[in-house]
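The opening position of the sequence shown corresponds to residue 842 in this note's numbering, with each subsequent residue numbered one higher.
Don't be surprised by glycine CBs; every beta carbon is placed ideally from N, CA and C.
Remember, predicted model here, so these are calculated numbers, not experimental data.
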Amino acid sequence: MNGNVHSIETLGTVDGPGLRYVVFLQGCLLRCQFCHNADTWELGKGTVMSVTEIIDDIKSYLPFMQASGGGITVSGGEPLLQLDFLHELFKRCKSLGIHTVIDSSGGCFSYDEVFIEKLKAVLELTDLVLLDLKHIDEKKHQKLTGKSNKHILQFAKFLSDLKIPVWIRHVLVPGVTNDEKDLERLGEFIHTLNNVEKIEILPYHKLGVYKWNALGIKYPLENVEPPSEAEVEWAYQILTTKTLVNV
């Protein structure tokens, strides 16, 4: 089984618990204005790699992952666009006792029967989902990502119904995703979920601007500066105040 891989980070520290082997898959349907991996957007590109290639490589990092409580994280792009590959990869990982994480925005979620069947098979092999909730307001989400958030919120509910553990992630972009009422609404939505283990506020940064420039794409947030630590803490308090039952 082969997949389209953008890149691999062998000892990641910010994509789940412990030290992690992070596989960034190629392809995404969203066009987030703050995306620092814009070079992962195009479908069908990247390096074609087999599950066996990845498993052979990951074995050399097992001692580090096991000692730190880490494992493998599949990110992107959007990993749910390659469910067959993801299923085979996680099946091999679980046979080695490797903790499995998916980092997803849910941007391709649908109730298509075949998709749901494949997704459920993958989730049976998944220990944790890092769920990126970009914006609670549909119109603002459309402007920010190019897509509605209806199916993404459905995905969050779907994971909750299946009791798949999730860490909620929200990128805090001054003037874009930091409106107090929007944060309160987001917190209220998260409060309806019964599977939230952690909430993370990710401060907006400009580390991916050079990729936009290299791709010849105008960066839409060039005049936006990262939030302060105080602003990040303020947003975190709003979200967690609304979700104390689960956090």
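For a minimum of 4 consecutive residues, which ranges assigned as the alpha helix (DSSP H) are wholly contained in the region 998-1033?
1021-1032
Any idea what DSSP makes of Tyr1051, helix, strand or coil?
helix
Distance, Ser1069 Cα to Lys981 Cα:
22 Å
Pairing CB atoms from the region 1000-1012 with CB atoms from the region 1037-1048, are three or more of them under 8 Å?
Enough Cβ pairs lie closer than 8 Å, so yes.
Are the region 864-883 and the region 918-933 in contact at 8 Å, needing three or more beta carbon pairs?
yes
Through-space distance from Leu1000 to Leu1085, alpha-carbon basis:
With a pLDDT of only 45 at Leu1085, under the threshold of 50, the placement of this residue in the model should not be trusted, and no figure is reported.
Please report how far the alpha carbon of Arg933 lies from the alpha carbon of Asp880, in whole angstroms.
Rounded to whole angstroms, Arg933 to Asp880 spans 28 Å at the Cα level.
Just curious, the alpha helix (DSSP H) that Val955 is in, first and last residue?
954-964
By the 10 Å Cβ neighbour count, where 16 or more other Cβ atoms means buried, how is Thr914 classified, buried or exposed?
Counting Cβ neighbours within 10 Å, Thr914 comes out buried, since at least 16 surround it.
Per-residue DSSP class, three states only, for Lys991
Lys991: helix per DSSP, three-state reduction.
Which whole runs of the beta strand (DSSP E) in the region 894-964 are 3 residues long or more, in chain order?
912-916, 940-945
Taking the alpha carbon of Val864 as the point to measure from, which residue in Gly887, Gln874, Phe956 has its own alpha carbon closest?
Here the closest residue by C-alpha is Gly887.
Collapsed DSSP secondary structure at Asp973 in the structure displayed
strand
Distance between Leu966 and His928 (C-alpha atoms, nearest Å)
8 Å
Smallest Cα separation from Glu850: which of Tyr862, Cys949, Glu1029?
Per the Cα distances, Tyr862.
Sequence-distant residues of the same chain with beta carbon closer than 7 Å to Leu1024, five excluded per side
The beta carbon of Leu1024 lies closer than 7 Å to those of Ala1076, Ile1079, Leu1080 in the same chain, with the five residues before and after it left out.
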